[in-house]
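Note that the numbering used here gives residue 270 to position 263 of the sequence shown, counting from 1, and the numbers run on in steps of one.
This report refers to the structure that appears directly beneath it.
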Amino acid sequence: MQPMTATLLVICGIGLASADQATAQASIDVTLLGTGTPVPALDRFGPSTLVQAGDQTLVFDAGRGVMQRLAQAGVRYAEIDALFLTHFHSDHIVGLPDLWLTGWLTGLAVGPAGPRTRPLTVIGPRGTADLMRYLTLAYAFDLDIRTRADHLPREGSRFDVVEIDEGTVYEQHGVKVRAFAVKHGDIAPALGYRIEYAGRSVVLSGDTQYSERLLTAARGVDLLIHEVAGAAGAAAANPAVQSILGHHTTADRAAALFAEARPK
């Protein structure tokens, strides 16, 4: 399974093909913003997924390049209703400061809607509050000068942080998001997510080994997006690479899970 290139937007629409507005509103659009690894390759960006359901715009993880990819998809920072984190490996969150600060700043120059004027809801496992608090401290100078000198609305730079365990973690305007624990080696907590809207459903695995909890969440789902990892040649024999692969799902194990879950 080859990762998509960074210049291609892959959009999966779940719904009936119709020009009828009610039908269009009853769909879920999923855009793979990035499917890469920590390796700084020029042909792929870091892990991030855009889910648009009804009037809700949700982003899951914020890997390298998420800001550019959202711009490519025509989605403004001001439009994002919530950001969900699966876990705290750097490749899944390294794009977060760019998404946050560049999105807040460039909102001045992207049309009459203007910059973000409300806090961003950030939902993630235990530790998310510390992450966002220390990011705010790290960029305190920029936040201050942009507010005083550039007159950016301070509320648009703030966060509403929600730390979660398993269960329903988000419900807005008919869109429901449920979190479930996955097995990512020694990395805990690590979460996957199931998104439901208007009878449609999507499951995002996050980083995980083969997971029974994920299988339960994904049975009969409309769309299942699952990670897969592998290595070839000398890299496959490297003990460090073997350790990393042990935290992920091999192609054959992913295939077995798809065969059991039978996503539509």
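Note that the Cβ used here is the ideal one computed from N, Cα and C, for glycine as well.
Being a predicted model, the structure only gives us computed values, none of them experimental.
Could you spell out where the beta strand (DSSP E) holding Phe91 opens and where it closes? 89-91
Grab the span of the beta strand (DSSP E) containing Ser208 for me, first residue to last. 207-211
Taking C-alpha atoms, which residue in Gly61, Leu92, Val189 lies nearest to His180? The candidate whose alpha carbon is nearest that of His180 is Gly61.
Just list the residues that DSSP pairs Phe67 with in beta bridges. In the DSSP assignment, the residues bridged to Phe67 are Thr56, Phe91.
Beta strand (DSSP E) containing Ile202: first to last residue? For Ile202, the enclosing beta strand (DSSP E) starts and ends at 198-204.
Could you spell out the range, first to last residue, of the beta strand (DSSP E) harbouring Arg185? 182-188
Would you identify the three-state DSSP class for Asp137, choosing helix, strand or coil? helix
How many angstroms separate the CA atom of Ile152 from the CA atom of Glu219? 49 Å
Straight-line gap, Tyr177 to Phe91 (C-alpha atoms, nearest Å): 10 Å
Can you give the Cα-Cα distance for Val210 and Gly53, rounded to whole angstroms? Taking the Cα positions, Val210 is about 19 Å away from Gly53.
I'd like to check one pair, Ile87 with Thr64: are the Cβ atoms closer than 8 Å? Cβ atoms of Thr64 and Ile87: closer than 8 Å.
Would you list the one or two residues that DSSP bridges to Leu230? Val209
So what does DSSP say about Asp105, is it helix, strand or coil? helix
Leu127, DSSP secondary structure in three states: Three-state DSSP puts Leu127 in a strand.
Under the rule that 16 or more other beta-carbon atoms within 10 Å means buried, what is Arg201, buried or exposed? buried
Would DSSP call Tyr84 helix, strand or coil? helix
Would you say Glu162 and Arg133 are within 8 Å of each other, going by their C-beta atoms? no
Please report the distance separating the alpha-carbon of Asp193 from that of Thr93. 14 Å
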